[in-house]
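In our numbering, the protein residues as written are 16 to 288. Here's the structure, in C-alpha cells; my notes come after.
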Ligand SMILES: Nc1ncnc2c1ncn2[C@@H]1O[C@H](COP(=O)(O)OP(=O)(O)OP(=O)(O)O)[C@@H](O)[C@H]1O
Ligand SMILES: [Mg+2]
C-alpha cells in the first residue's frame, strides 16, 4: 500500500509526486506509462531500494522504511529492468543458489527449489550452462527464476519483455499468469499493452510522477484521449476495433477472441440484410 508517496532524485524535480496505490493480495496489476514517468522509481520503493521523500509504503503490513531489505526480499521478489544488474554469478546453478544461500534456506531444499523455478520459466535445460552463454531473453528468465526460488508472495517485475521476441514475450506473460493463478500477487511494468490487456486484471498508468489512470483495461482502452496523452500505443486489435466502430464493433476490445466474436456478429448481421 502506498500513501502520498513523493520522491526526488536531485532534490528539485519530482520523480514521484503524491502517489496513492493500494494492491490487494492475489491481484495482477500492469503498470504502464511513457519513458521516465516514474514506474521504476515507484516499484523501487516497494522493496526499500529507495526511501520515500514523503509518504508511506507498507507491504504485507510491514512499513518498508523500517523493515530490513533482506526481510522484505523474502516476501517480495523483484526483477530488475536490466537482468545484468541483477545476475551476480558465472553459472546458472550458482545464480539459482545465490538467494537460497543468502536467505539460509535449508540446503536439502535447494535442488528441488532450483529445478522447480527453472522449470517454471522453461530453463531447466540450462541448469549446467554458464550465464555468459545465455541470450538476453534467457537471462531475463534466469533473473525471474532466481527470484522464484524464494517463493515470494509478491512479485514485482520491471519490463520483462525487453529483448524478447513476440513469442518469448507471450511466454513470459504466460508464466506470470500461471504464477498469479497459483496465488502470487504480481505487479508488472510493461510497454506491451497488448499482452498486458490480455493477462492483467488492472491497469495503472503513471504520468509524470503521478497516477494518471487506475482501473480496468476496458475503461483504459476505451479512452483514446487518455491513451494518447500518455503516449500509450493502442493494441493492434483495438486499432482494428476502432476502425470498425462505425459498424458497431465496441472500440475498447483488446483480445483476438473478442475481435473475432465482434467480426462474426458483423458478418451475421450483413448476411441477415
Ligand atoms: N538514478 C537516477 N538519478 C536521477 N534521476 C533519475 C534516476 N532514475 C530515474 N531518474 C529520473 O526520474 C524520473 C522517473 O524515472 P523512472 O526510471 O522511474 O521512469 P520509468 O517510468 O521507469 O521509465 P522507463 O520506461 O524508461 O523505464 C525520470 O525523470 C528520470 O530521468
Ligand atoms: Mg523503468
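From the three backbone atoms N, C-alpha and C, an ideal C-beta is built for every residue, glycine too.
Whole angstroms are fine: how far does the CA of residue 69 sit from the CA of residue 23? 10 Å
Using only Cβ atoms and a threshold of 5 Å, which residues come within that distance of a heavy atom of ligand 1? Order them by chain position. 24, 30, 50, 51, 52, 53, 54, 55, 56
Just to confirm my understanding: we take residue 149, look at its own chain, exclude 5 residues before and 5 after, and list those with CB closer than 8 Å. What are they? 107, 141, 157
Which of the three DSSP states, helix, strand or coil, is assigned to residue 227? strand
Indicate whether the contact test is met: 3 or more Cβ pairs, each with one atom in the region 248-267 and one in the region 59-73, closer than 8 Å. no
Closest by CA to residue 160, which one among 53, 102, 204, 271? 102
To the nearest angstrom, how far is the alpha carbon of residue 260 from that of residue 244? 21 Å
Determine, using beta carbons only, whether residue 163 and residue 191 come nearer to each other than 9 Å. no
Under the three-state reduction of DSSP, which class applies to residue 200: helix, strand or coil? strand
Measuring alpha carbon to alpha carbon, tell me which of 100, 61, 247, 96 ends up nearest residue 85. 61
With a Cβ-Cβ cutoff of 9 Å, do residue 200 and residue 40 count as a contact? yes
Am I right that residue 43 and residue 219 are in contact with their C-beta atoms under 8 Å? What's the rounded C-beta distance? About 12 Å; that fails the 8 Å criterion.
I need the straight-line Cα distance from residue 195 to residue 283, nearest angstrom please. 37 Å
Could you check what DSSP says for residue 124 in three-state terms: helix, strand or coil? helix
Buried or exposed for residue 134, please, with buried defined as at least 16 other CB atoms from any protein chain shown within 10 angstroms of its CB. exposed
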